[in-house]
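Contents: one structure, followed by commentary.
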Amino acid sequence: MIGRSLSKIEQFVLQQKLLLILLFVTFLVRLPSLYEPFWYGDEGVYMAVAQGLERGQALYSGVFDNKPPAIFLLAAASIKFFGLTIWSFRFVLMIWVLVSIIAIYFLGRKMFGNRGGLISASVYAALTATPFLEGNIANAEIFMALPITLGFLVGLNKNYFLSGILFSLAVLFKFPAVFDFGAFFLFTLLLITFKNPLECVKNLGVLTLGFIFPIAATVLYFVINGHFNYFVNATLFGNVNYVDYGNRYIIPNGLLVFKFLPSLLLFSALLIWRFAPQISSFRFFIKRPLEVDFNVLLSLWFMLSLYGASFGGRDFPHYLIQSLPAASFLICSIIIGQHRRMSILLLSIGMALILLFGFRTQYFRANYYPNFVKYATGQMRFDQWAAFFDAKTPRNYALAAYLRESNGENQSRTKVTDRIYIWANEPQIYFLANRLSPTRFVTAYHVVTKDVQMEVVNDLIEKPPLYILVERPKPHSFPELDTLLKRGYNFVGITENVEFYRLSENSSPL
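So the sequence shown is numbered by full-length UniProt numbering: it starts at 1 and just counts up by one.
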């Protein structure tokens, strides 16, 4: 039995040796990401929220961000299994990306054969392995690429229910994944025939049912636990406001209409080409119906995923990761010579839209790898390595260490059960210090409106934090916090533009 298993493993290794080499090379290229300092703000939010979940706080009502729950649950799982470090989440990301490459390979092999699968996987690996598009960072876009790819793969194998579930899981990482689902839905719709329309309708129904199931289960969970309002306000209304910030044009989110036009025109053309020959008045113009093949699928997928990438209205390069699986297959089709003209046209349109939307590689550093070698070989200190990513990073580590260190009386300044509050956009400090916030908001950019500011102040009064840290210049005006500090806290000092306040023993913030 064991000998037979070993024989199968050996056979698989021999058959897939090029894929295994690609995975090994990708691992080496991504290796520095495991040793990056904890510097990126979004990762700070994920880990601060995950830390709260691990300590019994409820998502959204106890600790807050406006993303769907999947990425926080994954971050919490990484802490549970691998420890309370950013390395844990980065390690999960490493494994996740390697599995994604395998999924890309098998989907590419289904569409283009073995060579096409390897080329597609290689292109995707090259585009996501380096910091150029922030592929080194644990963001929702790079996580949702795996269930999206698997959704297409099992859907093309006619397992529509499982396909819908996988697309739904991607949406639970981030909402724009719904446009990838839309691409497969429209592709399935184009497969309809006048001879057997009910089969297509049934497939679409099963696909939709699978898509609804995980989302409905998630909603039901928050309803049962009494947190539905928090869930909806965070993931729906919070994101409507977020998206509107970069997409306001004439009306709220009006720019999204114009961004959608290229995808709408593409689908309209495919629809006419597909069904016009069945209508007598169009037979003179279009004599042969559209052959619904992988080229049609990739056309829809690329354009709609690119729309999803632009949906947030920001210029963050990691948003583009959503469109990389489809782009990898289009590049593969150019290399192997299948539908080359269409692929070149689509990629050209995509590049034009990327330039129009203003995406930029804002965090890419050309000396990323040389500096890692210096750090790994002891030629660069950790604080220098940390400052290479963000000048505030060494300071954040120092602040967290200060809060954990002894106060000179053989006691740490704060206990794990003590709360701290940080009036800044540096949620990493909560995680590095292993301390929770007394309020559910871990960033200042979520504390803008008067209602939210009053909620935060009430939380600080009800559960007074032992320390409050205030970054200078302040993120924005918060007069109620200033009043609370004057009444109930002693000024300890200021270091690197961060003011320290300690709860007064003789005063009350009330």
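From the three backbone atoms N, C-alpha and C, an ideal C-beta is built for every residue, glycine too.
If you draw a straight line from the Cα of Phe27 to the Cα of Ala366, it is about 19 Å long. In the three-state DSSP reduction, Gly182 falls in the helix class (H, G or I). Between Ala50 and Phe64, the C-beta gap is not smaller than 8 Å, which leaves the two residues out of contact.
The Cβ atoms of Cys200 and Ile212 lie no closer than 8 Å to each other. Per DSSP, reduced to three states, the secondary structure at Phe431 is helical. Linking Val45 to Asn66 through their CA atoms gives a straight-line distance of about 10 Å. Shown here, Asn490 sits in a strand according to DSSP, grouped into three states. Contact annotation: Gly52 and Leu436 have beta-carbon atoms nearer than 8 Å. A check of alpha carbon separations from Arg440 across Thr449, Glu426, Val456 and Gln428 identifies Val456 as the nearest.
Residues of the same chain with a CB within less than 7 Å of the CB of Leu460, apart from the 5 flanking positions on each side, are Tyr421, Pro438, Thr439, Leu484 and Pro509 in chain order. In the pairwise beta carbon analysis, the segment 493-505 is classified as touching the segment 461-472: at least three pairs are separated by under 8 Å.
No Cβ-Cβ contact shorter than 8 Å links Gly41 with Pro176. Three or more Cβ pairs closer than 8 Å define a contact, and the segment 130-137 falls short of that threshold against the segment 152-161. Rounded to whole angstroms, the gap between the alpha carbons of Ala138 and Asn196 is 45 Å. By the Cβ-count criterion, Ile79 is buried, with 16 or more other Cβ atoms from all chains shown falling within 10 Å of its own Cβ. Look at Phe89 here: in three-state DSSP terms it is helix. Cβ atoms of Phe179 and Ser310 stay farther apart than 8 Å, at about 10 Å. Shown here, Phe64 sits in a strand according to DSSP, grouped into three states. The C-beta of Pro427 has 16 or more other C-beta atoms within 10 Å across all chains shown, which makes the residue buried.
In the DSSP assignment, Phe500 falls within the beta strand (DSSP E) that extends over Val498 to Leu503. Beta-carbon to beta-carbon, Leu172 and Pro325 are separated by about 18 Å, too far to satisfy the 8 Å threshold. Ser412 and Val447 have their alpha carbons spaced roughly 30 Å apart. No Cβ-Cβ contact shorter than 8 Å links Ala75 with Met111. In the three-state reduction of the DSSP assignment, Trp39 falls in the coil class, being assigned neither a helical nor a strand state. When Cβ pairs closer than 8 Å are counted between the two stretches, the segment 107-127 is seen not to touch the segment 84-96, the count staying below three. Leaving aside the five residues that flank Gly210 on each side, the residues in its chain whose CB is nearer than 6 Å to its CB run, in chain order, Phe161, Gly164 and Ile165. Residue burial is scored here from C-beta neighbours: Ala401 has fewer than 16 other C-beta atoms within 10 angstroms and is therefore classed as exposed.
Straight-line measurement puts the Cα of Leu189 at about 31 Å from the Cα of Ser122.
Looking at Ile468, Val223, Ser328 and Pro317, the one whose alpha-carbon comes closest to that of Phe106 is Ser328. By the C-beta density criterion, Thr449 is exposed, having fewer than 16 other C-beta atoms within 10 angstroms. Thr26 sits in a helix when the DSSP states are folded into three classes.
Non-local beta-carbon contacts of Val206 in its own chain, meaning distances under 6 Å to residues more than five positions away in sequence, involve Tyr160 and Phe161 in chain order. The alpha-carbon of Ile104 is positioned some 10 Å away from that of Phe152.
The beta-carbon separation of Ala386 and Trp39, rounded to 7 Å, stays under the 8 Å limit for a contact.
A check of alpha carbon separations from Phe294 across Gly312, Phe91 and Cys332 identifies Cys332 as the nearest. Ranked by Cα distance from Leu300, the first of Arg314, Gly312, Leu265 and Asp315 is Leu265.
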